[in-house]
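Structure, as structure tokens:
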Amino acid sequence: MAVPSSLHLQITSASPSAFECRSDPDFFRSSPRPESAGYGRFGCRPGSAGRAVLSSGGLSSLIFRFPPNFVRQLSTKARRNCSNIGVAQVVAASWSNSNGPAPAPSASAASGGGAPSPAAALAGAAAAPAVPALDFVAGEEALAVDGIENGGVVSQDLGTLEASSFLTSDGSLTVHAGERLGRGIVTDAITTPVVNTSAYFFKKTAELIDFKEKRRASFEYGRYGNPTTVVAEEKISALEGAESTLIMASGMCASTVMLMALVPAGGHIITTTDCYRKTRIFIETILPRMGITATVIDPADVEGLKSALEKNKVSLFFTESPTNPLFRCVDIKLVSDLCHSKGALVCIDGTFATPLNQKVLALGADLVLHSATKFIGGHNDVLAGCISGSLKLITEIRNLHHVLGGALNPNAAYLIIRGMKTLHLRVKQQNSTAQRMAEILEAHPKVKRVYYPGLPSHPEHQIAKKQMTGFGGVVSFEIDGDLTTTIKFVDALKIPYIAPSFGGCESIVDQPAIMSYWDLSQAERVSYGISDSLVRFSFGVEDLEDLKADVLQALEAI
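The sequence shown maps to residues 1 to 558 in UniProt numbering.
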């Protein structure tokens with residue numbers, strides 16, 4: 001619904017040609033009024049040329065001038081910012097209402113020839129007692145109008161609202177005042193509001209039935225969705241070019257729920273040798289309990305992929321690209337074409353690439369998954385995971401997710417939203433720093449080997465160049481020495497934290513042999529490609545020269 005920036009809204013007690021809205025007797029002390037058919041809780045009908053009239057027993061004449069950004073407040077996303085979606089109270093309303101007769105409108109207003117002055121309207125508003133929020137619906141947009149200040153729509157301190165007659169004690173007021181009597185959701189705040197609630201209410205049972213029978217859009221229970229979380233999901237969908245996104249409590253939550261939702265009991269999947277260890281553990285130890293088997297191939301083994309597709313009824317191909325921690329890359333378009341020809345789905349974990357460096361869905365994959373804890377969040381302060389794809393596939397995953405739980409806290413969703421606002425700036429810096437440091441490390445005599453897809457020496461460099469616009473902010477390399485020598489190098493570093501994550505503003509370093517595989521013997525670690533001298537370095541947003549100096553001095557220390 002388009003609303004001109006100069007729109008005036010006239011509130012008067014009598015004008016049959018404009019919006020008519022009645023007050024809810026449950027929330028107002030005025031006498032109940034008969035409900036017009038089809039007008040709902042606040043019956044409304046369109047008025048004339050930029051005007052709307054609300055009719056209620058004791059409403060004074062008021063003029064409202066909407067601010068220029070009000071059109072934005074009416075957007076779908078803005079309406080989702082309120083905790084009672086469906087009613088969509090965008091901003092709180094404060095109406096004058098009394099048991100006495102309504103003040104007579106001016107002659108010009110009654111005849112439709114004009115409107116009372118803003119000063120007169122404000123004076124009328126100040127003279128009458130305030131009552132709870134009153135919302136009205138115009139077209140598909142549900143609005144609630146607030147008090148007036150300097151010609152704009154502003155929120156009011158709801159503590160001054162007159163309590164409805166059904167609340168008689170301080171105890172009840174502490175529970176419901178400011179909320180049940182009308183809450184102020186200010187949508188022209190720059191940041192997305194955090195909606196901390198475990199459940200969502202319905203005003204009447206009829207609304208609940210409408211929701212259950214899909215005639216009404218709303219939330220129901222916190223595990224099934226949250227307005228703040230929806231904003232994060234829509235932001236990720238936009239980046240990935242996806243129809244739908246589901247965000248969950250962690251990257252592993254996203255991986256495991258996806259596998260259980262899309263691979264039937266007795267099914268078969270294909271994955272790769274180099275991958276996150278916890279993903280491998282789930283595939284090797286948990287999925288077999290459901291009769292699900294797996295073929296594990298080298299990321300570059302196209303013939304092995306073809307063979308596995310021929311020999312098995314494959315449900316899903318799932319891997320990372322680049323992989324963890326050796327940054328192997330699969331040809332996503334080729335893999336997708338081969339798998340689709342045999343009816344298999346393709347899901348790529350693009351955490352190391354980010355949605356900025358690699359568009360997985362555009363390359364042909366069905367799903368793209370991220371540990372949003374890493375680059376997407378980007379500040380080492382939140383756990384989250386997400387999966388994006390077609391609405392059909394995401395709905396299948398979402399249905400199982402609602403059963404298993406693993407819902408993301410809305411405060412965490414806010415941190416993801418906040419982090420994504422600087423994603424492009426951070427990734428650009430991290431791409432640049434990692435590329436330069438990989439080149440420096442490769443040329444250093446105390447470094448045996450560097451793993452980074454941006455280097456010509458990387459086995460899948462040509463594939464990476466074809467499907468990536470940047471090569472990520474993490475570099476793995478092997479020190480020319482043993483476990484003890486590598487420990488000495490890591491401990492000599494001054495800038496990075498020794499920690500198990502990556503992708504944040506702060507640089508992080510770890511030895512995978514110790515951080516992720518210390519419970520295995522050296523021979524077992526080597527079988528997974530994890531040498532004792534392997535280092536994984538996640539470059540943050542610090543200055544390149546500082547990081548370069550720190551790495552070089554640590555190499556000199558060994």
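Ideal placement from N, C-alpha and C gives every residue a C-beta, glycine not left out.
DSSP, reduced to helix, strand and coil, places residue 349 within a strand of the structure shown. The beta-carbon separation of residue 387 and residue 419, rounded to 18 Å, does not stay under the 8 Å limit for a contact. Under the 10 Å beta carbon count, residue 458 is surrounded by 16 or more other beta carbons and is classified as buried.
Short of 8 Å from the beta carbon of residue 192, and not among the five residues preceding or following it, lie these beta carbons of its own chain, in chain order: 81, 228, 231, 414, 417.
Looking only at 477, 422, 553, the smallest Cα-Cα distance to residue 504 is reached by 422. The beta carbon of residue 350 sits closer than 8 Å to those of 320, 321, 358, 360, 368, 369, 370, all from its chain and outside the five residues before and after it, given in chain order. Excluding five sequence positions before and after residue 498, the CB atoms of its chain that fall closer than 7 Å to its own CB belong to 490, 509, 510, given in chain order. Counting along the chain, residue 342 sits inside no alpha helix (DSSP H), nor does DSSP assign it H or E at all. Counting every other CB atom within 10 Å of its CB across the protein chains shown gives residue 289 a total below 16, marking it as exposed. The count of Cβ pairs closer than 8 Å, one atom from the segment 264-274 and one from the segment 390-402, stays below three, leaving the stretches out of contact. Taken in chain order, the unbroken stretches of alpha helix (DSSP H) that lie wholly in the segment 350-395 and span 4 residues or more are 354-357. CA-CA distance, residue 554 to residue 487, rounds to 11 Å. The criterion of a C-beta distance shorter than 8 Å is satisfied by residue 253 and residue 406. In this structure, residue 500 lies away from residue 537, with their beta-carbon atoms at least 8 Å apart. Every unbroken stretch of the beta strand (DSSP E) spanning 3 or more residues and falling wholly within the segment 191-254 is given here in chain order: 244-248. Judged by DSSP secondary structure, residue 475 falls within the beta strand (DSSP E) whose first and last residues are 474-479. Here DSSP, grouped into helix, strand and coil, assigns residue 328 to coil. Between residue 463 and residue 331, the CB-CB gap stays under 8 Å. Counting along the chain, the unbroken alpha helix (DSSP H) around residue 427 starts and ends at 423-443. Around residue 435, the same chain offers 454 as residues with beta carbons nearer than 6 Å, after the five sequence neighbours per side are excluded.
When DSSP reads this structure, residue 318 sits in a beta bridge with 347. Counting only unbroken stretches of 4 or more residues, the alpha helix (DSSP H) elements lying wholly within the segment 486-530 are 512-515, 522-527, in sequence order. Looking from the CA of residue 551, the closest CA among 473, 444, 410, 342 belongs to 444. In this structure residue 324 is in contact with residue 352, their Cβ atoms being roughly 7 Å apart against a cut-off of 8 Å. Ranked by how close their Cα comes to the Cα of residue 197, the residues 170, 217, 523, 225 have 225 in first place.
In terms of CA proximity to residue 556, 479 leads the group 479, 514, 524, 506.
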